[in-house]
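Chemist: This structure is in structure tokens; I'll ask about it shortly.
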Amino acid sequence: MPILVEIVTPERRIFSEEVEMVTLPGVAGQMGVLRGHEPLLSTLDIGEIVLHRRVGENEYIAVHGGVVEVRPNKVTILADVAEDAASIDLQRAEAALRRAQEMMESREAGKYDPAAVAALRRSNLRLKVAQRRRPRRGPQFQGDAEA
Numbered sequence: 008m009p010i011l012v013e014i015v016t017p018e019r020r021i022f023s024e025e026v027e028m029v030t031l032p033g034v035a036g037q038m039g040v041l042r043g044h045e046p047l048l049s050t051l052d053i054g055e056i057v058l059h060r061r062v063g064e065n066e067y068i069a070v071h072g073g074v075v076e077v078r079p080n081k082v083t084i085l086a087d088v089a090e091d092a093a094s095i096d097l098q099r100a101e102a103a104l105r106r107a108q109e110m111m112e113s114r115e116a117g118k119y120d121p122a123a124v125a126a127l128r129r130s131n132l133r134l135k136v137a138q139r140r141r142p143r144r145g146p147q148f149q150g151d152a153e154a
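With the working numbering as the guide, the letters of the sequence shown map in order to residues 8 to 154.
Next up, the structure:
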């Protein structure tokens, strides 16, 4: 049975549809949510949201933090920034990755720069999601038949 997923940023609604399952990048690790999940409120990390539409058909969204509210029949994601694969410019994502790598290389030896690390994580994520332009066939759930 599907569950409604809404992804909203301060600028606009990114996604509002029913899916079979959603996988989220929680700060404590990945979490998968199906219809009927217990209520939950959690923070999101920089990571990839995977929207499992049908068996093996996935859509990917880059999220740069936020919060998620899970209810038995609905998941609401309030994201700081969220971008689907189609909206990410691959050339800009590659340029941002190069800049982030330069930031990491230019820091003083042995010094931890949280801004540089976050920029590198965001850039890697955007590039990964941008390269997933089309829904892909994912792993099958036990008991599901291939169409």
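Note that beta-carbon positions come from the ideal geometry of N, C-alpha and C, so glycine has one too. Source: prediction; values computed, not measured.
Between the Cα of Leu-11 and the Cα atoms of Arg-20, Ala-35, Val-29, which residue gives the shortest distance?
Modeler: Taking the first residue of the sequence shown as 1, we reach residue 11 at position 4. The shortest C-alpha separation from Leu-11 is found at Val-29.
Chemist: Classify Ser-113: buried if its beta carbon has 16 or more other beta carbons within 10 angstroms, exposed otherwise.
Modeler: If you number the sequence shown from 1, residue 113 lands on position 106. Under this definition Ser-113 is an exposed residue.
Chemist: Would you identify the three-state DSSP class for Val-32, choosing helix, strand or coil?
Modeler: Looking up residue 32 in the sequence shown gives position 25. As written in the sequence, residue 32 is Pro, which differs from the Val given in the question. Three-state result, Pro-32: strand.
Chemist: Nearest to Arg-20 by alpha carbon, out of Asp-87, Glu-101, Ala-103, Asn-65?
Modeler: By one-based count along the sequence shown, residue 20 stands at place 13. Nearest C-alpha to Arg-20: Asp-87.
Chemist: Between the Cα of Ser-49 and those of Val-136, Ala-35, Leu-134, Ala-107, spot the shortest distance and give me the residue it belongs to.
Modeler: As a first step, residue 49 is located in the sequence shown; it is residue number 42 there, counting from the start. Considering only alpha carbons, the answer is Ala-35.
Chemist: Assuming Pro-79 contacts Asp-52 under a Cβ cut-off of 8 angstroms, what Cβ separation, rounded to an integer in Å, is found between them?
Modeler: Working through the sequence shown from its first residue, we reach residue 79 at position 72. Working through the sequence shown from its first residue, we reach residue 52 at position 45. That belief does not hold up - the Cβ atoms of Pro-79 and Asp-52 are roughly 24 angstroms apart, past 8 angstroms.
Chemist: May I ask you to list the residues that DSSP assigns as paired with His-59?
Modeler: Counting from one through the sequence shown, the residue named residue 59 turns up at place 52. For His-59, which the question treats as bridged, DSSP gives the partners Met-28, Asn-65.
Chemist: So Val-136 and Ala-103 are in contact, right, with Cβ under 8 angstroms, and what is the actual spacing, rounded?
Modeler: As a first step, residue 136 must be located in the sequence shown, where it is residue number 129. As a first step, residue 103 must be located in the sequence shown, where it is residue number 96. So it is not a contact: roughly 13 angstroms between Cβ atoms.
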